[in-house]
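J.:
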Amino acid sequence: MNARTFPADFLWGTATAAYQIEGAATEGGRGPSIWDTYSHTPGRTQGGDTGDVACDHYHRWAEDVDHLDRLGVDAYRLSISWPRVQPGGSGPLNPEGVAFYRRLLQALRDRGIRPYVTLYHWDLPQELEDAGGWTDRRTSEAFAEYARHMATELGDLVDAWTTLNEPWCSAYLGYGSGVHAPGRTEPAAALAAVHHLNLAHGLAARAIREVLPGAQVSVTLNLHAIRPADASSAADAEAVRTIDALANRAFLGPMLDGAYPQDLLAGTAHVSDWSFVHDGDLELVRQPLDVLGVNYYSTVTVRHFAGDGERSENDGHGASGHSPWIGVTDVEFVEQPGPYTAMGWNIEPSGLTDLLVGLHRTYPDLPLAVTENGAAFDDELVLDGGVRRVHDDRRVAYLHDHVEALGVARDAGADVRGYFAWSLMDNFEWGYGYSRRFGILHVDYPTGERTWKDSAHWYRRLVTSGELPPVDAVAPWSPGR
Ligand code: IFM
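The opening position of the sequence shown corresponds to residue 13 in my numbering, with each subsequent residue numbered one higher.
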């Protein structure tokens, strides 16, 4: 059988985020973010881990660009730390922070690697949280000003702009279940955050285009591939719809259709009257998207729960005792069949196909890119004849099967233009600290040393040839060999 091939203009990349890799939390004029505060609060992260040092990318960025160059990727998706470039979230820029990103972006361009820049990957300046954070529309306005500044300062070096990464997490995990910064557990505030993040996206997209009329603008959503426990049950279909409204359509609706879904508003009316949505907001939120970024890791299976007022043990409340599924009482989450990653997430590549094909059916003219996909496993660094190796065959299989699933979606007509592996390197996995490794490069945290895992060797073959290699093609390899 012939290997699956991708066209020459298909974009291959890897992705990271500022707080997860940079470290240097108090260097170069950087201000504190909500993740500094949260991770320094006892009990919030596994082992009390923080992003203070992380992968020390702030100092090792040139070496990391070398790795990207050797990998042969077309693009690198990075995020800008808002508190590094504008420490208080408003007011003057920090020239040292801006200079750091200019150096990094220039080095990428010098190697022919296209920078895909995300403006917000969860590190809100603490001052803005102190003034209300994402529950306050002034944060959306501040974000637009920050976006305008970045377009002005960095526009000549950036290929594509992404406003937000996974606003679902920022809103529902940050303000609903509290397992992400700022750690608030206020259901109505989570819904206000949903809207102010949507508004921030729209205002920022408009501001970027005002400065850079031809700019490529996108947003990245962690859309949920939701399945019913019983495909023949109308009640389970309704459970899917309930979760889909909160998880997916709360963002797709305003951003692409200019409206919140009626069932979302009705289903959360007992929590909030949504009066934070002002006249004219939805027109601002809906801005043309050059591409929609989709992050995908696993599926979700739900069923209707008729508990007569009792709560299901599996209603999504999780360890914090607070649910990210705002207002939902009649849905329970069903354990997924394995295999699982070290996150406990089920591995189901067909979910990616379903998601991409579903988006294509609803929005036929919308180009798509998979902006994150990858897996955490308990990797082991070994010495093979004196050479440091990580034989991460489960990650290679994961990446292989998901790239294949993306190919199947393309075969079905979905206009998927790129794929970014999460992540370039092991990093700070939020509440899990450094206990979960997603990288294709291994990071030895005490020394900062990077080691190519087998998945990096495999990925290099894929991106340099455009042909899906077999899973056992993991030997160190160079193009032309
Ligand atoms: O590490 C995160 C990333 O920051 C956002 N998307 C999911 C990844 C894995 O949990």
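Every residue, glycine too, gets a C-beta built ideally from N, C-alpha and C.
1. Among V306, P127 and N234, whose alpha-carbon lies nearest the alpha-carbon of Y113?
2. Run through DSSP, which three-state label would G35 get?
3. Measure how close the beta-carbons of Y31 and W134 come, nearest whole angstrom, since I'm counting them as under 8 angstroms.
4. Is E322 a contact residue of the ligand IFM, with contact defined as CB to any heavy atom under 6 angstroms?
5. If E108 sits next to G40, beta carbons under 8 angstroms apart, how far is it from one beta carbon to the other, in whole angstroms?
6. Tell me which residues share the same chain as L276 and place their Cβ nearer than 8 angstroms to its Cβ, disregarding the 5 neighbours each side in the sequence.
7. On the CB-based measure, 16 or more other CB atoms within 10 Å of its CB, does N14 come out buried or exposed?
8. Take the Cβ of G59 as the centre, count every other Cβ of all protein chains shown within 10 Å, and call the residue buried at 16 or more, exposed below.
9. Scan the segment 304 to 347 and note each continuous beta strand (DSSP E) run of 3 residues or more that stays entirely inside, going in chain order.
10. Please work out which residues of its chain come closer than 8 angstroms, Cβ to Cβ, to A487, disregarding the five sequence neighbours upstream and downstream, and give them in chain order.
11. Relative to the alpha-carbon of D76, which residue among V191, H329 and S435 has its alpha-carbon at the smallest distance?
12. Would S189 and P336 be called neighbours here (beta carbons separated by less than 7 angstroms)?
13. Is the segment 304 to 311 touching the segment 225 to 243 in the sense that three or more CB pairs, one from each, lie closer than 8 angstroms?
14. Any heavy atom of the ligand IFM closer than 6 angstroms to the CB of E384?
15. So what does A433 bridge to, in DSSP terms?
16. I'd like the ranges of any alpha helix (DSSP H) spanning at least 4 consecutive residues and lying wholly in the segment 344 to 410.
17. Count the other CB atoms within 10 Å of the CB of P99; is the residue buried (16 or more) or exposed (fewer)?
18. Quick one: what's L453 bridged to in DSSP?
19. Taking the beta strand (DSSP E) that A172 falls in, what are its first and last residues?
20. Please confirm whether any heavy atom of the ligand IFM lies closer than 6 angstroms to the CB of A29.
21. Assess contact between the segment 173 to 182 and the segment 131 to 147, defined as three or more Cβ pairs (one per stretch) separated by less than 8 angstroms. Is contact present?
22. Have a look at N358, A417, G319 and P349 and flag the residue whose alpha-carbon is nearest the alpha-carbon of D342.
23. Is it the case that the Cβ atoms of S45 and P137 are separated by a distance below 7 angstroms?
24. Which of the three DSSP states is assigned to R160 in this structure?
T.: The relevant details are as follows:
1. The shortest Cα separation from Y113 among V306, P127 and N234 belongs to P127.
2. When DSSP states are grouped into helix, strand and coil, G35 belongs to the coil group.
3. Rounded to the nearest angstrom, the Cβ distance from Y31 to W134 is 7 angstroms, consistent with a contact under 8 angstroms.
4. No, the beta carbon of E322 sits no closer than 6 angstroms to any heavy atom of the ligand IFM.
5. Contact holds; Cβ gap of about 4 angstroms.
6. Taken in chain order, the residues that qualify are A257, L258, R261, A262 and G265.
7. Label assigned to N14: exposed.
8. Counting every other CB atom within 10 Å of its CB across the protein chains shown gives G59 a total below 16, marking it as exposed.
9. Runs of the beta strand (DSSP E) spanning 3 or more residues and lying entirely within the segment 304 to 347 occur at 311 to 316 and 343 to 345, in chain order.
10. For A487, same chain residues with a beta-carbon under 8 angstroms away, outside a window of 5 residues either side, are H469 in chain order.
11. Considering only alpha carbons, the answer is S435.
12. Taking 7 angstroms as the Cβ cut-off, S189 and P336 qualify as a contacting pair.
13. Taking a contact to require three or more Cβ pairs closer than 8 angstroms, the segment 225 to 243 and the segment 304 to 311 qualify as touching.
14. Yes, Cβ of E384 sits closer than 6 angstroms to a heavy atom of the ligand IFM.
15. A433 is bridged by DSSP to T26.
16. Every alpha helix (DSSP H) stretch that sits fully inside the segment 344 to 410 and reaches 4 residues is listed by chain position as 362 to 374.
17. Buried, because 16 or more other Cβ atoms sit within 10 Å of the Cβ of P99.
18. Per DSSP, the beta-bridge partners of L453 are M437 and W464.
19. Per DSSP, A172 belongs to the beta strand (DSSP E) from A172 to N177.
20. Checking the Cβ of A29 against the ligand IFM gives yes.
21. Because the criterion of three Cβ pairs below 8 angstroms is met, the segment 173 to 182 and the segment 131 to 147 touch.
22. Scanning N358, A417, G319 and P349 for the CA closest to the CA of D342 turns up G319.
23. Inclusion of S45 and P137 in the CB contact set at 7 angstroms is warranted, their separation being smaller than that value.
24. In this structure, R160 counts as helix in the three-state DSSP scheme.
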